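*Asks:* Let me give you the structure first, and then I'll get to my questions.
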């Protein structure tokens with residue numbers, strides 16, 4: 095409750111929360127906001143109005159114009175919001191669960207197992223993230239789920255390290271000794287007594303990560319190893335805009351709408367998560383709590 | 314100090330082996346036919362159809378047990394043979410070496426504004442904690458942190474290339490490329506700026522710098538944000554320490570307290586983060602080089618990935634991981650050098 099009040103009092107986190115609510119609304123209202131055509135197999139496939147390469151200016155028919163290949167930008171943005179939530183939450187959930195599992199095992203059993211698991215973490219961390227994700231999507235092939243797996247398989251190490259250090263700290267506390275003395279088994283001890291007390295830092299980390307995962311996913315789409323062609327995805331819209339940023343001879347900004355709208359969508363979405371995550375971190379850090387109003 | 318470096322160097326092969334193992338295991342997810350390219354130094358063998366491919370799978374032992382293939386592959390890698398890259402029509406190892414200077418030049422040049430700017434702005438924000446300057450810097454960094462590199466780069470290109478026509482894309486203008494390739498121009502490092510200085514060629518130097526402005530700003534802006542935040546919180550922490558109070562009590566001017574006493578210690582975490590930023594910068598390099606048509610390793614990797622050129626992508630990943638490991642080693646040694654507490658452990 096306290097957390098909630100803090101979030102609403104602080105202008106930055108309030109902005110973040112409102113933005114997030116806005117995106118949730120767009121995502122849930124997607125079928126109402128856009129018109130699906132009978133031949134569409136899935137609403138995530140952007141409908142095309144012809145096969146022209148040249149983008150079309152915004153009009154009454156295409157609210158924000160069309161991009162290369164006559165994909166409707168408005169449609170792509172609206173359904174792309176769902177894609178962004180899927181990617182952000184999905185990848186972070188996979189990474190957090192797996193990382194928590196590895197971190198808990200390492201911290202709880204310690205010794206050789208801990209040493210081995212942490213060295214594995216080190217090796218995973220010595221790959222540049224985006225490049226690692228690029229390699230895996232190259233191998234798995236294009237597609238939303240392949241991309242999510244690629245991002246998650248190099249996105250769990252932070253959680254593992256975090257949860258490990260949290261558990262190491264909590265493990266030594268008196269109430270754990272008491273529970274042990276009371277005959278509580280290993281699994282129960284981890285699940286009921288240790289994990290609930292170490293989850294908040296993971297939550298903060300996850301919130302901060304959601305935005306950056308969406309950024310990375312869009313980067314993969316931009317590089318051409320992300321979603322399939324025509325999939326409603328903001329990164330894909332930006333990659334479709336690439337050939338048109340110099341405009342026409344007389345008018346360098348002729349096709350501004352192809353890049354500005356999708357760019358703005360990604361920016362605001364990531365910003366929302368970062369603002370909320372930043373506020374959560376301030377709340378978590380007792381040294382900063384109450385010290386200032388930001 | 315020397316023992317510390319020595320100990321770290323001993324660990325290096327272990328990490329490298331683990332990295333190689335991982336890259337190899339990833340490639341084993343592919344079918345033998347797909348992997349054929351990794352072992353096939355000459356692409357013309359591939360044109361013989363299914364029968365030929367089957368024969369080649371047999372010949373190169375792509376159906377062999379995992380360990381046998383691993384041993385053979387490691388042997389090749391150690392001898393510097395990373396396979397053939399279809400997308401660039403040359404051996405992967407050769408392509409990596411040829412393109413490395415361009416990417417190193419861009420990366421190093423981008424680190425300058427990131428590090429110097431972060432130190433300066435981070436200090437300013439911490440000194441004026443909760444003041445207007447602090448808030449502006451904080452908002453600015455959060456905005457930067459959320460701004461996608463590719464959007465920033467494309468919009469920069471739209472304005473400075475499309476509209477104003479001040480700054481070009483690519484690595485060099487056509488005439489400068491010819492000049493660099495000519496007999497008279499000696500290539501010392503492969504980095505255009507450095508070579509132009511060494512050759513005393515002002516025109517090429519200027520041209521190379523002009524091409525660098527946009528990519529460097531694009532790379533720097535996003536990572537700069539994260540770095541400023543670290544510097545700010547580290548400086549805030551340091552300013553609360555007792556010795557800073559002591560310095561003030563001695564009657565030292567604020568400027569001296571900030572610059573000579575507090576900032577030095579506040580730099581320590583920044584050193585560590587710089588290592589991590591370098592790692593993330595590498596991902597940024599791929600995108601930045603793609604946007605600005607900068608002919609370097611990043612563009613090579615992105616093209617290879619688009620063309621499903623597995624040997625090139627895997628070779629590139631291994632190569633960058635190696636650079637990253639070495640970079641981390643340098644950062645750790647630097648850290649130990651700066652902080653005596655680490656050295657004594």
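Chains as they are written, first to last, in the numbering used here: chain A, 95 to 388; chain B, 314 to 658. Note that the Cβ used here is the ideal one computed from N, Cα and C, for glycine as well. Everything numeric in this text was worked out from a predicted model, so none of it was measured.
1. Excluding sequence positions up to five away, which residues of its chain have a Cβ less than 6 Å from the Cβ of residue 170 (chain A)?
2. Does any residue of chain A have a CB that is nearer than 8 Å to the CB of residue 461 (chain B)?
3. Helix, strand or coil: how does DSSP classify residue 397 (chain B) here?
4. In chain order, what residues of the same chain have a beta carbon less than 8 Å from the beta carbon of residue 383 (chain A), not counting five sequence neighbours either side?
5. Would you kindly work out how many angstroms separate the C-alpha atoms of residue 483 (chain B) and residue 183 (chain A), rounded to a whole number?
6. What number of angstroms, rounded off, separates the C-alpha of residue 318 (chain B) from the C-alpha of residue 646 (chain B)?
7. Look at the alpha carbon of residue 648 (chain B) and the alpha carbon of residue 398 (chain B), and state the distance between them as a whole number of angstroms.
8. Among the residues of its own chain, which have a CB less than 6 Å from the CB of residue 100 (chain A), if the five just before and after it don't count?
9. Can you tell me which of the three DSSP states residue 490 (chain B) falls into?
10. How would you call residue 240 (chain A), buried or exposed, if buried means at least 16 neighbouring beta carbons within 10 angstroms?
11. Does the segment 211-218 of chain A come within contact of the segment 184-202 of chain A, defined as at least 3 CB pairs closer than 8 Å?
12. Return helix, strand or coil for residue 481 (chain B), following the three-state DSSP convention.
13. Residues in the same chain with beta-carbon distance under 6 Å from residue 653 (chain B), minus the five sequence neighbours each way, listed in chain order, please.
14. Using DSSP bridges, identify the partner residues of residue 375 (chain A).
15. Residues of chain A with CB closer than 8 Å to the CB of residue 444 (chain B), please, in chain order.
16. Do residue 329 (chain A) and residue 312 (chain A) come within 8 Å of each other at the CB atom, strictly closer than that value?
17. What residue does the alpha helix (DSSP H) around residue 140 (chain A) start on, and which one ends it?
18. Where does the unbroken alpha helix (DSSP H) through residue 260 (chain A) begin, and where does it stop?
19. Please classify residue 646 (chain B): does DSSP put it in a helix, a strand, or coil?
20. Near residue 376 (chain B), what residues of its chain come up, given a Cβ to Cβ distance below 8 Å and the 5 sequence neighbours on each side ignored?
21. Within 10 Å of its beta-carbon, does residue 232 (chain A) have 16 or more other beta-carbons around it, so buried, or fewer, so exposed?
22. Check whether the Cβ of residue 593 (chain B) lies closer than 8 Å to any Cβ atom in chain A.
23. Ignore the nearest five residues each way along the sequence and tell me which others in residue 315 (chain A)'s own chain have a CB closer than 7 Å to its CB.
24. Throw me the rounded Cβ distance for the residue 152 (chain A) and residue 158 (chain A) pair, which I believe falls under 8 Å.
25. So, do the segment 384-396 of chain B and the segment 599-616 of chain B have three or more beta carbon pairs nearer to each other than 8 Å?
26. Please report the distance separating the alpha-carbon of residue 510 (chain B) from that of residue 307 (chain A).
27. How long is the line joining the alpha carbons of residue 104 (chain A) and residue 98 (chain A), rounded to whole angstroms?
28. By the three-class DSSP mapping on this structure, what secondary structure does residue 317 (chain B) have?
29. Where does the unbroken alpha helix (DSSP H) through residue 466 (chain B) begin, and where does it stop?
30. Pairing CB atoms from the segment 542-550 of chain B with CB atoms from the segment 431-445 of chain B, are three or more of them under 8 Å?
31. Just reading off the alpha helix (DSSP H) that residue 448 (chain B) is part of, what are its end residues?
32. Does the beta carbon of residue 646 (chain B) come closer than 8 Å to any beta carbon on chain A?
33. Hey, does residue 541 (chain B) have any beta-carbon neighbour from chain A nearer than 8 Å?
34. Can you name, in chain order, every residue of its own chain whose Cβ lies under 6 Å from the Cβ of residue 501 (chain B), other than the five neighbours on each side?
35. Using the beta-carbon count (16 or more within 10 Å), is residue 555 (chain B) buried or exposed?
36. Show which residues of chain A have a CB atom less than 7 Å away from the CB atom of residue 621 (chain B).
*Replies:* Checking against the coordinates, here is how it stands:
1. 140, 326, 331
2. yes
3. strand
4. Residue placement at residue 383 (chain A) is flagged as unreliable, the pLDDT there being 44, under the threshold of 50; the coordinate-derived value follows with that caveat. Within the same chain, residue 383 (chain A) has close Cβ partners 376, 377.
5. 37 Å
6. 7 Å
7. 39 Å
8. 377
9. helix
10. buried
11. yes
12. coil
13. none
14. The partner list for residue 375 (chain A) (beta bridge, DSSP) is empty, contrary to what the question assumes.
15. Neighbours of residue 444 (chain B) on chain A: none; closest Cβ ~11 Å, over 8 Å.
16. yes
17. Counting along the chain, residue 140 (chain A) falls outside any alpha helix (DSSP H), and DSSP gives it neither H nor E.
18. 251-265
19. helix
20. 345, 370
21. buried
22. yes
23. 321, 327, 329, 330, 333
24. 5 Å
25. no
26. 41 Å
27. 10 Å
28. helix
29. 462-470
30. yes
31. 445-459
32. no
33. no
34. 508, 511
35. exposed
36. 232
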